[in-house]
Amino acid sequence: MKTLIIGAGISGLFVAYELAQRGLRDIVVVDASYPGSGATLRNLGCFRSSFTSPEHVVLMKESIREWLRLGDRLDLEIEQKGYLWVARKPETLDNFRKLVEFHHQFNVPTRILDVDEVKALEPRLNTKIVAGAMFDPTAGKMSIIKNFTKFYLEVKKLGVRIVPYTRVTKLVARGSRVTAAETSSGTVEADAFVVAAAGDSRDIIATVGVDVPIVDVPRHPYVTEPYAKAIEPALIIDWDTPGSPHVTQTKHGSLILARDLEDTPRASLYSQRVDAIPHILKPLRELLPFLSEVNILRYWMGYYDMTPDHHPIYGPVQPYENLYIAAGFSGHGMMMGPVTGKLVASWILDGKPYIPIAGNLTLERFKTGRLVKELAVIG
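Each number in the working numbering corresponds to the 1-based position in the sequence shown with 9 added.
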């Protein structure tokens with residue numbers, strides 16, 4: 010069976026990897042640019058299972074387990090240093106307690122920290138404005154470029170053919186089957202098609218008459234010059250400030266600061282938002298006063314490919330029996346990579362997802378109105 014995967018980011022490569030692991034040999038991955046050029050290489054590299062829906066918690070737990078297993082085998086750079094969800098308001102702690110109780114139902118060991126415990130975990134935090142926090146010890150961060158490069162080479166070792174700079178302009182269908190993809194390099198026929206092209210998935214699948222509700226929402230992380238170790242957790246999140254400002258520190262010392270800001274959907278990746286600096290830095294500087302001394306070197310722009318309920322779209326694309334999608338991760342595609350690959354591979358080869366709850370995340374939910382809400386769309 011020949012499989013064409015559209016999109017050579019982390020999702021597309023993990024689908025190819027899992028299909029190859031299960032014995033398929035004719036797998037082609039095409040990308041409009043170079044592998045990883047989209048959201049994969051434009052994210053913070055953090056991961057967690059402390060979400061607010063059963064679907065996200067179950068799938069993310071599995072994905073973290075797979076990342077760690079793969080990390081041991083491929084010598085990837087992954088560390089679990091936890092997420093610190095900071096509450097400025099006492100009432101937020103009440104909500105965090107409910108979340109902790111919810112997480113414990115799935116054996117995710119989040120816990121509430123009082124002010125003294127927060128100070129012990131992160132001494133630089135200004136606890137005068139902090140009521141407490143929720144801590145997720147299973148969360149962590151990874152080296153994006155190093156890990157992606159190692160995994161990319163591993164996929165190629167399995168015989169997967171990866172073709173860059175090949176844009177898919179149209180899918181061709183006959184009856185209930187997609188038969189080919191028209192690309193900038195010619196027509197490619199296949200037996201199964203997987204669209205894992207982030208926001209571009211919407212336009213590609215629209216060529217066979219199916220609407221995919223994904224909107225590309227810009228994000229503008231700022232990067233500082235390198236510093237000695239400045240923060241302990243993998244990510245610190247200011248939950249009570251609108252847009253949830255957050256900060257992480259890379260292995261080489263740079264701090265990355267970001268916040269959800271209103272912006273024009275699908276704005277050019279070369280658009281500039283220098284006005285975002287005070288919006289991002291001010292609340293984080295209140296929590297971490299030393300940030301007033303940092304020097305910002307640059308920033309990059311990337312997209313969250315957002316769905317209406319902030320969950321990915323997985324599985325078959327009806328009415329076609331050989332068309333599948335893995336897109337709309339709302340900023341969580343890198344951390345969900347391993348489980349994405351295994352889920353889509355199981356849909357293709359077994360006709361169903363190997364984790365049943367993933368069946369709630371097919372494209373059909375937007376027709377039936379059975380959306381699965383996620384509140385914690387950050388990092």
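Glycine included, C-beta positions come from ideal geometry on N, C-alpha and C.
Item: Straight-line Cα distance separating Gln258 from Lys179; Value: 41 Å
Item: Cβ-based burial, Arg379 [other Cβ within 10 Å; buried from 16]; Value: exposed
Item: Classification of Asp125 by the beta-carbon crowding that lies within 10 angstroms, buried from 16 upward; Value: exposed
Item: Cβ contact check for the region 228 to 238 and the region 308 to 317: 3 or more pairs under 8 Å; Value: yes
Item: Three-state secondary structure assigned by DSSP to Trp309; Value: coil
Item: contact_flag[the region 365 to 383, the region 91 to 111] where n(CB pairs < 8 Å) is 3 or more; Value: no
Item: 4 or more residues per run - each alpha helix (DSSP H) lying fully within the region 13 to 74; Value: 19 to 30
Item: Which listed residue (Leu290, Tyr313, Tyr312, Met315) has its alpha carbon closest to that of Val303; Value: Leu290
Item: Where the beta strand (DSSP E) containing Lys179 begins and where it ends; Value: 177 to 183
Item: Nearest to Met315 (by Cα), restricted to the options Val221, Leu102, Arg294, Trp248; Value: Val221
Item: At least 3 beta-carbon pairs within less than 8 Å: the region 195 to 208 vs the region 57 to 72; Value: no
Item: Closest Cα partner of Thr441 within the set Pro99, Gly18, Arg34, Phe23; Value: This structure does not reach residue 441, given that the chain is present from 10 up to 388, and the question cannot be answered.
Item: Beta strand (DSSP E) runs contained entirely in the region 229 to 315, provided each spans 3 or more residues; Value: 231 to 233, 244 to 247, 255 to 258, 264 to 267, 305 to 308, 311 to 315
Item: Minimum C-alpha distance to Leu134 - residue among Ile19, Leu358, Met343, Leu300; Value: Leu300
Item: Endpoints, alpha helix (DSSP H) assigned at Ala129; Value: 124 to 130
Item: Exposed unless 16 or more other CB atoms sit within 10 angstroms - verdict on Val283; Value: exposed
Item: Check whether Glu383 and His65 have beta carbons under 8 Å apart; Value: yes
Item: Cut-off 7 Å between Cβ atoms - residues of its own chain near Pro347, not counting five sequence neighbours on either side; Value: Phe23, Ser72, Glu75, Trp76, Leu79
Item: Residue nearest to Val219 in terms of C-alpha spacing, selected from Lys351, Lys128, Phe375; Value: Phe375
Item: Counted within 10 angstroms of its Cβ, other Cβ atoms place Leu278 as buried (16 or more) or exposed; Value: exposed
Item: Contact under 8 Å by Cβ, Val38 with Val169; Value: yes
Item: Whole-angstrom distance between Ile223 and Gly437, CA atom to CA atom; Value: Residue coverage of the chain in this structure runs from 10 to 388, which leaves residue 437 outside it and unanswerable.
Item: Pick from Tyr333, Met344, Leu352 that is closest to Glu373, judged by C-alpha positions; Value: Tyr333
Item: Whole-number beta carbon distance between Arg211 and Ala41, since they are thought to touch under 8 Å; Value: With 8 Å as the limit, Ala41 and Arg211 do not qualify as a contact, their Cβ atoms being about 14 Å apart.
Item: Opposing strand residues paired with Lys150 [DSSP bridges]; Value: Cys55, Glu88
Item: C-beta atoms of Ala148 and Ser59 nearer than 8 Å; Value: yes
Item: Backbone secondary structure at Gly141 - three-state DSSP; Value: strand
Item: Nearest-angstrom Cβ-Cβ length linking Ile19 and Phe157, presumed shorter than 8 Å; Value: 7 Å
Item: Simplified DSSP assignment, three categories, for Ile364; Value: coil
Item: Under the three-state DSSP convention, the category Arg374 falls into; Value: helix
Item: Rounded distance between the beta-carbons of Met151 and Glu86, thought under 8 Å; Value: 6 Å
Item: Exposure of Ala336, with buried meaning 16 or more beta-carbon neighbours within 10 Å; Value: buried
Item: Identity of the residue in Thr273, Met343, Leu352 nearest Gln50 by Cα; Value: As written in the sequence, residue 50 is Leu, which differs from the Gln given in the question. Looking at the Cα atoms, Met343 is the closest of the given residues.
Item: Residue from Ile14, Ile153, Asp249 with nearest C-alpha to Cys55; Value: Ile153
Item: Element boundaries [beta strand (DSSP E), containing Thr196]; Value: 195 to 198
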